[in-house]
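Following full-length UniProt numbering, the numbering of the sequence shown begins with 1 at its first residue and continues without gaps. Comments concern the structure below.
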Amino acid sequence: MQIISDLKDFNATEFAACDFRALSFDGMDLSHMRFEDCRFQDCSFTSALLEECSFTKCKALKTDFRYARMSEARFETCNLSLSNFSGADVSGAVFHDCKLTGADFKEARALGVVFNGSLLSGADLRQMNFRKCQLEQIDFTGADLAGCDFREASFDSCRLNDAHLATARFDGADLRLADLGPLSFATATCFKGAIISKSQATELLHGLGVTVL
Numbered sequence: 001m002q003i004i005s006d007l008k009d010f011n012a013t014e015f016a017a018c019d020f021r022a023l024s025f026d027g028m029d030l031s032h033m034r035f036e037d038c039r040f041q042d043c044s045f046t047s048a049l050l051e052e053c054s055f056t057k058c059k060a061l062k063t064d065f066r067y068a069r070m071s072e073a074r075f076e077t078c079n080l081s082l083s084n085f086s087g088a089d090v091s092g093a094v095f096h097d098c099k100l101t102g103a104d105f106k107e108a109r110a111l112g113v114v115f116n117g118s119l120l121s122g123a124d125l126r127q128m129n130f131r132k133c134q135l136e137q138i139d140f141t142g143a144d145l146a147g148c149d150f151r152e153a154s155f156d157s158c159r160l161n162d163a164h165l166a167t168a169r170f171d172g173a174d175l176r177l178a179d180l181g182p183l184s185f186a187t188a189t190c191f192k193g194a195i196i197s198k199s200q201a202t203e204l205l206h207g208l209g210v211t212v213l
């Protein structure tokens with residue numbers, strides 16, 4: 001793997017098997033660039049232009065993407081855990097099969113963002129708009145989903161165990177194929193207006209101490 005620790009060596013539009021170390025890409029225009037099987041150690045992309053960039057099988061733990069413009073960017077099978085996307089524009093971006101554990105998307109602009117197949121446990125996704133989205137194989141375990149709009153969204157093999165759901169909206173959302181975790185009256189009120197399965201309804205009644213025969 002080639003080590004790149006000086007921006008003077010950053011002179012291409014496609015990079016493969018590169019190890020970027022302690023580089024500041026802050027404010028740089030990196031739109032349409034391609035990165036495959038690369039590592040980013042102690043790098044920063046604050047306010048960078050990353051529109052339509054492609055990252056495949058990359059590792060960028062604790063990376064600073066604050067206020068970056070990332071619309072239509074694509075991340076495929078990347079580890080972006082504990083990275084900071086607060087204030088970034090990720091509208092139309094795709095995070096497919098990515099690890100985003102503990103990632104911070106606070107105040108990010110995220111219209112049409114896709115997280116299918118990704119791990120978002122413990123992530124901060126407050127106020128995100130997922131209305132009418134097709135959500136597939138997303139792990140929201142322990143994520144902060146307060147104020148999110150899930151109206152008319154469908155959940156296919158998603159996990160919502162221990163997620164913070166205060167003021168989230170689920171009117172018309174289809175949760176029948178989602179793992180909601182242990183259901184009680186307190187947690188069930190968060191899913192007001194949603195569609196649930198018979199087995200989920202039975203579990204809810206058990207949580208209320210009601211025996212279903």
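Glycine is no exception: its CB is placed at the ideal position from the N, C-alpha and C atoms.
Under 8 Å between C-beta atoms of residue i and residue j
i, j, result
"Gly87", "Ala108", "yes"
"Thr63", "Thr77", "no"
"Ala143", "Leu120", "yes"
"Ala17", "Met28", "no"
"Arg69", "Leu50", "yes"
"Gly102", "Gly117", "no"
Bridge-paired residues (DSSP) for residue i
i, result
"residue 215", "Nothing can be reported for residue 215, as the shown portion of the chain is limited to 1 through 213."
"Asp139", "Leu119 and Arg159"
"Cys18", "Gln2"
"Gln134", "Ser154"
"Leu49", "Asp29 and Arg69"
"Ser44", "Ser24 and Asp64"
"Ile195", "Asp174"
"Asn11", "According to DSSP, which records beta bridges pairwise, Asn11 is partnered with nothing at all."
"Val113", "Paired residues: none, contrary to the question."
"Lys59", "Arg39 and Asn79"
"Lys99", "Asn79 and Leu119"
The beta strand (DSSP E) enclosing residue i, as first and last residue numbers
i, result
"Leu175", "Asp174 to Asp179"
"Gln41", "Arg39 to Gln41"
"His96", "Val94 to His96"
"Arg126", "Note, Arg126: premise wrong, no beta strand (DSSP E); not H, not E."
"Glu76", "Arg74 to Glu76"
"Phe55", "Ser54 to Thr56"
"Glu36", "Arg34 to Glu36"
Cβ-based neighbour list, residue i, same chain, cut-off 7 Å, excluding 5 preceding and 5 following
i, result
"Glu52", "Ser31, His32, Glu72 and Ala73"
"Leu177", "Phe155, Asp156 and Ser157"
"Lys106", "Ser86, Asp124 and Arg126"
"residue 276", "A question about residue 276 goes unanswered here, because the residues of the chain that appear run from 1 up to 213."
"Ser197", "Arg176"
"Glu203", "Leu183"
"Ile3", "Asp19 and Arg21"
Contacts around residue i, its chain only, beta-carbon distance under 8 Å, and the 5 residues preceding and following it disregarded
i, result
"Ala146", "Arg126, Gln127, His164, Leu165, Ala166, Thr167 and Ala168"
"Ala60", "Arg39, Phe40, Cys43, Cys78, Asn79, Leu80 and Ser83"
"Asp26", "Ser44, Phe45, Thr46, Ser47 and Ala48"
Nonlocal neighbours in the same chain, by C-beta distance under 6 Å from residue i, ignoring five residues either side
i, result
"Val113", "Val90 and Ala93"
"Asp171", "Arg151 and Gly193"
"Phe191", "Phe170"
"Leu180", "Leu160"
Rounded Cβ spacing between residue i and residue j (contact assumed at less than 8 Å)
i, j, result
"Asp162", "Ile195", "The pair is not a contact, with the Cβ atoms about 22 Å apart (cut-off 8 Å)."
"Asn129", "Asp97", "Asn129 to Asp97, Cβ: 22 Å. No contact."
"Leu111", "Phe140", "Not a contact, Cβ separation roughly 19 Å."
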